[in-house]
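Below you'll find the structure, written out as structure tokens, and then a few comments.
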Amino acid sequence: MTTIHQELEQDNYLTKLIQSVAPNWRSEFQRFVETGEADEAFLTYLNKDASAQEAVEEAFNHQVSQFEGLAAELKKRRTPESEEAMPSLTSTKLAAVVEVVMQTPREQREEVVNTRTAEFAASVPIEDRNVLTQVARSLESNLSKLAEASHR
1334 MTTIHQELEQ DNYLTKLIQS VAPNWRSEFQ RFVETGEADE AFLTYLNKDA
1384 SAQEAVEEAF NHQVSQFEGL AAELKKRRTP ESEEAMPSLT STKLAAVVEV
1434 VMQTPREQRE EVVNTRTAEF AASVPIEDRN VLTQVARSLE SNLSKLAEAS
1484 HR
């Protein structure tokens, strides 16, 4: 969570950097630093102005340090309880996918399965994907055996 002090510090930091940029390019500079997007004209200006280049470099270095600080803070906050909660979150997401698929009309089911499982797979932590693959294969195998037995 960002505090008012941090926001003021950020504004003060950007205010200092903007002073290195020609006045008519300051809004473009701010947009570039905040979004990474820039017009071709601004990029041309940037290629010719060494102080603006330094300001961009400082801004990006500042952002990197902010992200590193955030990552360190998040790493500190990880507790054994939060790590235990992850599998239940994964299980809840999987149950939601199954529920949606089961309620989908047969003619739309294949599309929904493909879409929902792709979204689910992308949201699962990498370390859980192998376990989920193993569970899915076992489930498929057991359901196939049950289907074969019921057709006899």
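For the sequence shown, this note's numbering gives the first residue as 1334, with consecutive numbering after it. Cβ atoms here follow ideal geometry from the backbone N, Cα and C, with glycine treated the same way. Just so it is clear, the structure is predicted and the values come from calculations on it, not from any experiment.
ask   = If you count every other CB in all the chains shown that lies within 10 Å of the CB of A1385, and 16 or more means buried, which is it?
value = buried
task = Return helix, strand or coil for V1354, following the three-state DSSP convention.
result = coil
message = Quick check on the DSSP output: the alpha helix (DSSP H) that includes E1370 runs from which residue to which?
response = Note, E1370: premise wrong, no alpha helix (DSSP H); not H, not E.
task = Check each candidate in G1402, L1350, Q1399 and name the one with the smallest Cα separation from A1388.
result = L1350
ask   = Contact check, F1453 vs K1426 under 8 Å by CB: the rounded distance?
value = 6 Å
request  = Can you tell me which of the three DSSP states V1433 falls into?
outcome  = helix
request  = Check the Cβ-Cβ distances between A1355 and every residue of chain C, and say whether any is below 7 Å.
outcome  = In the structure shown, chain C does not exist; there is a single protein chain.
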